[in-house]
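Protein chains in written order, with this note's numbering: chain A, -10 to 263; chain B, 60 to 407. First the structure, in the form of structure tokens, and then the observations on it.
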């Protein structure tokens, strides 16, 4: 009884901040306001599937997938290093890794904008060394860089938490039975870390596919992503119906990808989100 | 049952705390809420208003017209005076969310130059009182551009590839393109809009970025050679980097206005009018004009400002420079075509 009572604030919280907004978004997406009053319509959803908006969806997914893949490739070894019990000063390393996250996300993205400028520190250093300029600010590469930089911890931390809980004996047993380092990784360590990998992928993919700040600041608004499109419907064009329909399609997309992912996630080994 | 009771008690407590917080007692005659652009007033003016009239001013700021509109439409805040731009005022008039201002309560209104009255966004002068005005133009770095800059067409010059900054604003970017093509920047003609779209599509490979406020840092830092900017920002940038120069292209441009309006959420219309009148008073308008550095619509104030400011064509262009410039009008339904064009350009 007491336990239930404690959960009320959360129930209220969820009703006010999740359920009600969600219902409103669904409502706006299926009605249109005409002179004759409010009518049910699917026109907003029809508009979402026009070719020009499909391009935007595909670009968002492409950039998010690339960033997620880069995060996985960079993050997995990082998580293994952090999880290595033999490592001295491991805690310091973890703290160093997490410190950038204490800073505001926007401030960090602005910092990249300044770093990558034509007259910024990176380009100046390169030209002093006689190397050709990078020239990546305001390109897709800068957007991917921004995503990877901002979301990498979301990949590393779940994998790290799963890896650091892996039973040492299992790995030792594999070694005793003559497994090469490659086989050990492929048959033992990686499969055991899969729950962490999957929640890492979800945690990077979701913010990457919905971001609008990174593409605006580092992409110079030249690469409209789905987040930018939704933002503009609500603040610029005032087409709340279309904006809501876009949001719902995006939500379904994320739900779908999460569903697919969770089919592969057999059991939650602490790294799972749900 | 007990569960339900607990739930209800919880709701009552949370609701009560919200009301208690807002119910502080005051000794002021009234309180008005003013909603304005960031950095767009000399704050001493607010204090002196409170001292003079014993009316408290709650002052808050917005970053874009669209943010302001979204907040106002969402309800919840009962602002008394808001200072949006022209096309947004027109939209608010069309939405019927503004009070008509009683000009009898605003005697200082007569101090405003007649050329800033009866403009497209408020033809009958019923809803708004001008606060500041300015233009949209080309800012260029004299060290990086060796051509004569007097036309929008320089933004299509291959020579400046990846050195051009455009405004990330559909109205302004499409508007100046229409101007360059010799059309009105309020065009609702689909063929003309299509033509502008093709031009902007062709231009995209030359553009370094579509930016908002970032344009200031970029131009001051010499990151780009040419940019489309608002005159108010141009004044600031020229001060920070003397290599920069501002021109209003010969094809004409956009003249914009920020004006004071009273939304229908206001519960203190009389006090709001008093505040607007106060803002039009010469000494107060002078303070604001000096602080902000934008162009004032107030004849007397202009003559009292330092000559180096009023002689600067960036701030006070001559009437001839503006002969073919236009004010934005609300596009109502055509806005969705603009949005579509802008999406197509940026999605390419």
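Cβ coordinates follow ideal geometry from the N, Cα and C atoms, glycine included. Note that the structure is a prediction, hence the values are computed from the model and not measured.
Original post:
According to the neighbour-count rule (16 or more other Cβ atoms, all chains shown, within 10 Å of its Cβ), is residue 145/B buried or exposed?
Top reply: Position 86 of the second chain, counting from 1, holds the residue named residue 145/B. Burial call: buried.
Original post:
For residue 203/A, which residues from the same chain have a beta carbon less than 8 Å from its beta carbon, with the 5 sequence-adjacent residues on both sides left out?
Top reply: For the purposes of this step, residue 203/A is taken as residue 214 along the first chain, with counting starting at 1. Excluding positions up to five away in sequence, the list reads 98, 132, 135, 136, 139.
**OP:** Give me whichever residues DSSP pairs with residue 191/B in a beta bridge.
**Re:** Numbered from 1 along the second chain, position 132 holds the residue referred to as residue 191/B. Bridge partners of residue 191/B: 317/B.
**OP:** Answer with yes or no whether the minimum CB distance from residue 278/B to chain A is below 7 Å.
**Re:** Position 219 of the second chain, counted from the start, is the residue given in the question as residue 278/B. It does not; no Cβ of chain A falls within 7 Å.
Subject >> Cβ neighbours of residue 404/B in the same chain (closer than 7 Å, five flanking residues each side left out) >> reply: To locate residue 404/B, count along the second chain from 1; it is residue 345. If we look at residue 404/B and ignore the five residues flanking it on each side, its Cβ neighbours are 256, 259, 260, 263.
Subject >> Assumed close pair residue 319/B, residue 338/B - CB separation to whole angstroms, cut-off 8 Å >> reply: As a first step, residue 319/B must be located in the second chain, where it is residue number 260. As a first step, residue 338/B must be located in the second chain, where it is residue number 279. So it is a contact: roughly 7 Å between Cβ atoms.
Subject >> 6 Å Cβ shell around residue 145/A - same chain, five flanking residues per side excluded >> reply: As a working mapping, residue 145/A is identified with position 156 in the first chain. Cβ neighbours of residue 145/A beyond the five flanking positions: 64, 67, 68.
Original post:
Got a sec? Which residues, its chain only, sit under 8 Å from residue 303/B by beta carbon, not counting five neighbours each side?
Top reply: Along the second chain, one-based indexing puts residue 303/B at 244. Around residue 303/B: 198, 199, 200, 201, 278, 279, 293, 296, 297.
Original post:
Using DSSP with H/G/I as helix, E/B as strand and the rest coil, what is residue 252/A?
Top reply: By 1-based counting over the first chain, the position of residue 252/A is 263. Residue state, collapsed to three classes: helix.
**OP:** Please work out which residues of its chain come closer than 6 Å, Cβ to Cβ, to residue 227/A, disregarding the five sequence neighbours upstream and downstream, and give them in chain order.
**Re:** Counted from its first residue, the first chain places residue 227/A at position 238. Cβ within range, chain order: n/a, list empty.
Original post:
Does residue 282/B come within less than 7 Å of chain A when only Cβ atoms are used?
Top reply: In the second chain, residue 282/B corresponds to position 223, counting from 1. Taking Cβ atoms only, chain A reaches closer than 7 Å to residue 282/B, which makes this a yes.
Original post:
What is the DSSP secondary structure of residue 200/B, reduced to helix, strand or coil?
Top reply: For the purposes of this step, residue 200/B is taken as residue 141 along the second chain, with counting starting at 1. It is a strand residue.
Subject >> Cβ-based neighbour list, residue 358/B, same chain, cut-off 6 Å, excluding 5 preceding and 5 following >> reply: Your numbering for residue 358/B matches position 299 in the second chain. Taken in chain order, the residues that qualify are 172.
**OP:** Taking only beta-carbon positions, decide if residue 389/B is within less than 7 Å of chain A.
**Re:** If you number the second chain from 1, residue 389/B lands on position 330. Taking Cβ atoms only, chain A never reaches closer than 7 Å to residue 389/B, which makes this a no.
**OP:** Can you check the segment 170 to 250 of chain A for any alpha helix (DSSP H) of at least 4 residues that lies completely inside it and give the ranges in chain order?
**Re:** 179 to 199, 202 to 206, 215 to 221
Original post:
Going along the chain, which residues of its own chain have a beta-carbon closer than 7 Å to the beta-carbon of residue -4/A, five neighbours each way excluded?
Top reply: Taking the first chain and counting its residues from 1, one reaches residue -4/A at position 7. Within the same chain, residue -4/A has no close Cβ partners at all.
Original post:
Taking Cβ positions only, does residue 7/A come closer than 7 Å to chain B?
Top reply: The count along the first chain starts at 1 and reaches residue 7/A at position 18. No - not a single Cβ of chain B is within 7 Å of the one on residue 7/A.
Original post:
Between which two residues does the beta strand (DSSP E) harbouring residue 94/B extend?
Top reply: Locating residue 94/B in the second chain gives position 35, counting from the first residue. Looking at the DSSP string, the run of the beta strand (DSSP E) that includes residue 94/B is 89 to 96.
Original post:
In this structure, does DSSP put residue 62/A in helix, strand or coil?
Top reply: What you label residue 62/A is simply residue 73 of the first chain in a count that begins at 1. Residue state, collapsed to three classes: helix.
Original post:
Taking the Cβ atom as the reference point for each residue, do residue 151/A and residue 109/A lie within a distance shorter than 7 Å?
Top reply: The residue labelled residue 151/A in the question sits at position 162 within the first chain. The residue labelled residue 109/A in the question sits at position 120 within the first chain. Contact flag unset, no.
Original post:
Where does the unbroken alpha helix (DSSP H) through residue 123/B begin, and where does it stop?
Top reply: Counting from one through the second chain, the residue named residue 123/B turns up at place 64. Counting along the chain, residue 123/B falls outside any alpha helix (DSSP H), and DSSP gives it neither H nor E.
Original post:
Between residue 245/A and residue 10/A, what straight-line distance do the alpha-carbon atoms span, to the nearest angstrom?
Top reply: Residue numbering aside, residue 245/A sits at position 256 when the first chain is read from its first letter. Residue numbering aside, residue 10/A sits at position 21 when the first chain is read from its first letter. Each residue's Cα considered, the two are about 21 Å apart.
**OP:** Return helix, strand or coil for residue 39/A, following the three-state DSSP convention.
**Re:** The sequence position of residue 39/A within the first chain is 50, counting from 1. In the structure shown, residue 39/A sits in coil (DSSP, three-state: anything other than H, G, I, E or B).
Original post:
At least one CB of chain A closer than 7 Å to the CB of residue 269/B: is that the case?
Top reply: The residue given as residue 269/B occupies position 210 in the second chain. Chain A contact via Cβ: present.
**OP:** Run the CB neighbour count on residue 147/A, radius 10 Å, all protein chains shown included, and call it buried at 16 or more, exposed below.
**Re:** Here residue 147/A refers to the residue found at position 158 when the first chain is read from its first residue. Residue 147/A comes out buried.
Original post:
Any idea if residue 190/B is buried or exposed, counting beta-carbon neighbours within 10 angstroms, 16 or more meaning buried?
Top reply: Counting from one through the second chain, the residue named residue 190/B turns up at place 131. Buried, because 16 or more other Cβ atoms sit within 10 Å of the Cβ of residue 190/B.
Original post:
From residue 251/B to residue 390/B, what does the alpha carbon distance come to, in whole angstroms?
Top reply: On the second chain, residue 251/B is found 192 positions in, with the first residue counted as 1. On the second chain, residue 390/B is found 331 positions in, with the first residue counted as 1. Cα to Cα, the separation comes out at about 15 Å.
**OP:** Could you list which residues in chain B have their beta carbon closer than 9 Å to that of residue 24/A, in chain order?
**Re:** As a working mapping, residue 24/A is identified with position 35 in the first chain. Those do not exist, as residue 24/A stays about 12 Å from chain B at its closest Cβ, beyond 9 Å.
**OP:** Figure out for me which residue from 7/A, 81/A, 207/A has the closest Cα to the Cα of residue 96/A.
**Re:** Numbered from 1 along the first chain, position 107 holds the residue referred to as residue 96/A. Ranking 7/A, 81/A, 207/A by Cα distance to residue 96/A puts 207/A first.
**OP:** Spatial neighbours of residue 83/B within its chain, please: CB distance less than 8 Å, with the 5 preceding and 5 following residues excluded, ordered by chain position.
**Re:** Translated into the one-based positions of the second chain, residue 83/B becomes position 24. Bear in mind that a pLDDT of 47 at residue 83/B, under 50, signals an unreliable position, so the number given afterwards is only what the model happens to contain. Excluding sequence neighbours, residue 83/B sits near nothing in its chain.
Subject >> Boundaries of the alpha helix (DSSP H) in which residue 141/A is found, first to last residue >> reply: The residue labelled residue 141/A in the question sits at position 152 within the first chain. It spans 129 to 152 - the alpha helix (DSSP H) in which residue 141/A sits, taken as one unbroken run.
**OP:** Would you list the residues sitting across from residue 322/B in a DSSP beta bridge?
**Re:** As a position in the second chain, residue 322/B is number 263, starting the count at 1. In the DSSP output, where bridge partners are listed per residue, residue 322/B has 157/B.
**OP:** For residue 406/B, count neighbouring C-beta atoms within 10 Å of its own C-beta (all shown protein chains included) and say buried if the count is 16 or more, exposed if not.
**Re:** Here the question's residue 406/B lines up with position 347 in the second chain. Looking at its Cβ environment, which holds 16 or more other Cβ atoms inside 10 Å, residue 406/B is buried.
Original post:
Where does residue 225/B sit, in a helix, a strand or coil, going by DSSP?
Top reply: The sequence position of residue 225/B within the second chain is 166, counting from 1. If DSSP states are grouped into helix, strand and coil, residue 225/B belongs with the strands.
Original post:
Name the chain B residues whose beta carbon is nearer than 7 Å to that of residue 127/A?
Top reply: Taking the first chain and counting its residues from 1, the one referred to as residue 127/A is at position 138. In chain order: 267, 268.
**OP:** Name the two residues that bound the continuous alpha helix (DSSP H) containing residue 100/B.
**Re:** The residue you call residue 100/B lines up with position 41 of the second chain. Segment: none, residue 100/B is in no alpha helix (DSSP H) and carries neither H nor E.
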